[in-house]
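Some notes on the structure that comes next.
Protein chains in written order, with our numbering: chain A, 409 to 667; chain B, 2 to 385.
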């Protein structure tokens with residue numbers, strides 16, 4: 409059985425094709441225009457790349473913020489359910505999953521079967537999200553992809569005290585004027601983001617193994633700051649940004665997944 | 002009338018400002034007085050027995066901007082207290098002659114004094130409801146407190162609450178509550194035919210008219226609802242608990258249902274359905290009403306009950322309504338609900354009943370995060 413998962417994020421669409429033997433094909437596209445049309449285009453282009461036909465896909469599930477607008481999907485599941493399932497497939501020992509996307513952070517607990525048992529989400533505060541990191545990257549003129557590595561060279565001289573993204577930006581401007589290095593500022597930013605994520609995680613309860621998913625998981629500075637905050641290992645999949653779509657594809661395999 | 006027509010009438014009634022409701026009633030009852038009660042429970046029977054119209058003072062909902070009340074409260078005070086006071090400042094309760102508050106929490110306790118200070122011409126009474134449910138003298142105390150309230154009405158308005166009038170009012174409110182219990186029982190049996198937003202419309206409208214009038218259209222609704230055509234869906238049956246004082250925005254109730262729930266029990270407008278069975282019809286009526294408050298009250302976070310664990314009533318509600326889960330919906334800053342949440346959560350976990358919590362404010366206007374949370378909860382139970 410070949411299934412597909414389509415994850416509609418705030419900025420991108422990710423498509424995962426899951427084969428019977430567990431091998432994957434996946435692609436991520438930046439959203440431009442209407443969500444349903446973007447999902448359709450992304451899905452068709454992914455099939456083209458993999459040389460597959462629509463008729464060969466048994467079932468398609470959508471997830472993410474725009475999941476209900478994906479007309480080509482056979483059903484949809486919430487991001488928390490999908491990310492948990494995707495992370496657990498990648499690391500069967502996972503019991504806690506933290507997903508940090510562009511505009512929100514979610515913390516999920518699951519059992520040995522990857523079944524969701526508890527969760528919390530924070531999608532209204534920018535301070536613990538990817539958009540905040542993008543803003544900081546722009547302020548410091550550092551490519552987003554380089555932020556993490558650069559921050560690891562920081563000397564822990566900058567501490568951001570604000571819990572609000574807007575005030576944190578003011579603090580960053582003050583640090584720039586004070587002459588703090590970009591590495592130090594970025595390290596402070598990542599520690600600040602990790603502090604907020606850790607606080608939310610403790611509300612849900614943290615149990616090893618812990619997997620970090622979502623686009624922000626690619627930032628090694630955030631992952632490292634989180635390890636230090638939580639004093640435990642934080643596993644990051646090879647493609648953390650596809651966990652939601654992967655989970656949706658896995659959920660589409662299940663008999664109860666008709667709707 | 003069809004259920005839709007009756008419910009439309011209910012929505013129309015409850016969408017009117019409290020003062021307009023009072024003035025409309027007074028237009029047909031010259032010289033009449035209107036008294037509004039702050040949640041959770043107040044003896045509407047006594048207001049009614051004095052020949053007055055009892056109404057519910059339930060805050061400003063989504064429609065009133067706070068322009069004065071914020072300056073009178075700390076930032077950590079719940080919305081319903083602030084917006085209720087704001088109704089006074091904006092003249093929205095003009096036409097309501099009296100206000101009754103009680104000791105349900107520290108905020109409500111002080112709201113009566115704040116109200117008195119800001120609106121000295123209004124009749125304001127603070128009802129000291131008993132918190133002790135086990136001492137033999139408690140029903141007597143409760144009856145005396147109700148007599149004191151009645152004496153206050155007589156002094157302020159010259160309207161006496163006689164025992165025969167109170168006995169009659171008790172019968173009428175027994176009849177009203179019986180209809181409301183029947184509506185709740187119907188929703189447990191056939192939730193696909195009576196959504197919570199519809200039930201709430203009927204319940205809320207019943208607080209805007211004399212009970213005799215509400216009984217009329219509740220009977221019509223109860224007769225017509227079984228004829229509604231609706232197919233049961235694969236949804237999660239839930240009990241909603243925590244919105245007994247500040248009322249959630251309709252949008253939240255809609256999201257609960259759209260996200261895949263059948264709400265089969267709730268504690269919305271709890272004070273108007275306060276007694277689990279009819280108040281006794283024999284004996285001195287103040288004593289009967291006082292005894293009912295002590296011995297027949299629904300479990301509530303605003304009334305201490307030393308005879309059973311706080312979660313017992315909730316678990317019984319889950320079992321009776323054949324619910325699969327509980328969704329706690331405390332208002333932000335609601336101390337009674339949030340304190341009890343811990344006890345109830347522990348009780349549910351011991352009983353193996355899944356639960357989640359969604360805080361709300363009456364002026365909450367965006368529900369996407371809540372929808373996501375509830376959908377995840379529903380999906381994790383139905384599909385995961």
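Backbone N, C-alpha and C define an ideal beta-carbon position, used for all residues, glycine too.
- Under the three-state DSSP convention, the category residue 48(B) falls into: helix
- Beta-carbon of residue 392(A) versus every beta-carbon of chain B: anything under 7 Å? The shown model of chain A, from 409 to 667, leaves out residue 392(A), and the question about it has no answer.
- Using a threshold of 7 Å, state whether the C-beta atoms of residue 435(A) and residue 454(A) are closer than that. yes
- Message: For chain A, check one thing: does any of its Cβ atoms lie closer than 7 Å to the Cβ of residue 21(B)?
- Response: no
- Item | Contact set for residue 262(B): own chain, Cβ-Cβ below 8 Å, skip 5 residues either direction | 236, 237, 238, 239, 328, 375 and 379
- Taking 8 Å as the threshold, find out whether the region 224-231 of chain B comes into contact with the region 34-43 of chain B through three or more Cβ pairs. no
- Item | Boundaries (first-last residue) of the alpha helix (DSSP H) holding residue 369(B) | 369-383
- May I ask you to list, following chain order, the residues of the region 365-382 of chain B that have a beta carbon less than 7 Å from some beta carbon of chain A? 370, 373, 374, 376, 377, 380 and 381
- Mind pulling the chain B residues with CB within less than 9 Å of residue 503(A)? Ordered by position in chain B, no residue passes the 9 Å Cβ test against residue 503(A), which lies about 15 Å from the chain.
- Query: Is the beta carbon of residue 348(B) less than 7 Å from the beta carbon of residue 322(B)?
  - Reply: no
- Message: Under 7 Å, Cβ to Cβ, is there at least one residue of chain A near residue 199(B)?
- Response: no
- Starting from residue 118(B), follow the alpha helix (DSSP H) in both directions and report where the run begins and ends. 107-119
- Item | Beta-carbon proximity check, residue 288(B) vs residue 144(B), cutoff 7 Å | yes
- Would you kindly work out how many angstroms separate the C-alpha atoms of residue 251(B) and residue 410(A), rounded to a whole number? 42 Å
- Message: Comparing C-alpha positions only, which one of 185(B), 202(B) and 207(B) sits nearest to residue 173(B)?
- Response: 207(B)
- Query: If we count Cβ pairs, one from each stretch, closer than 8 Å, do we get three or more for the region 197-213 of chain B versus the region 295-312 of chain B?
  - Reply: no
- Message: Quick check on the DSSP output: the alpha helix (DSSP H) that includes residue 165(B) runs from which residue to which?
- Response: 164-190
- Backbone secondary structure at residue 55(B) - three-state DSSP: strand
- Spatial neighbours of residue 594(A) in its chain, beta-carbon cut-off 6 Å, leaving aside the 5 residues before and after: 555, 558 and 559
- Item | 7 Å Cβ cutoff, residue 661(A) in contact with chain B | no
- Item | Within 7 Å, strictly: CB atoms of residue 490(A) and residue 504(A) | no
- Query: Roughly how many angstroms separate the alpha carbons of residue 122(B) and residue 218(B), rounded to a whole number?
  - Reply: 35 Å
- Message: For the pair the region 261-277 of chain B and the region 355-366 of chain B, tell me if three or more CB-CB distances fall below 8 Å.
- Response: no
- According to the Cβ coordinates, are residue 544(A) and residue 597(A) closer than 7 Å? yes
- Message: For residue 332(B), which residues in the same chain have their Cβ closer than 8 Å to its Cβ, ignoring the five residues on either side in sequence?
- Response: 79, 80, 81, 243, 244, 246, 247, 249, 338, 360, 361, 362 and 363
- Where the alpha helix (DSSP H) through residue 229(B) begins and ends: Residue 229(B) -> no alpha helix (DSSP H), and no H or E assigned at all.
- Task: Classify residue 334(B) as helix, strand or coil using the three-state DSSP reduction.
- Result: coil
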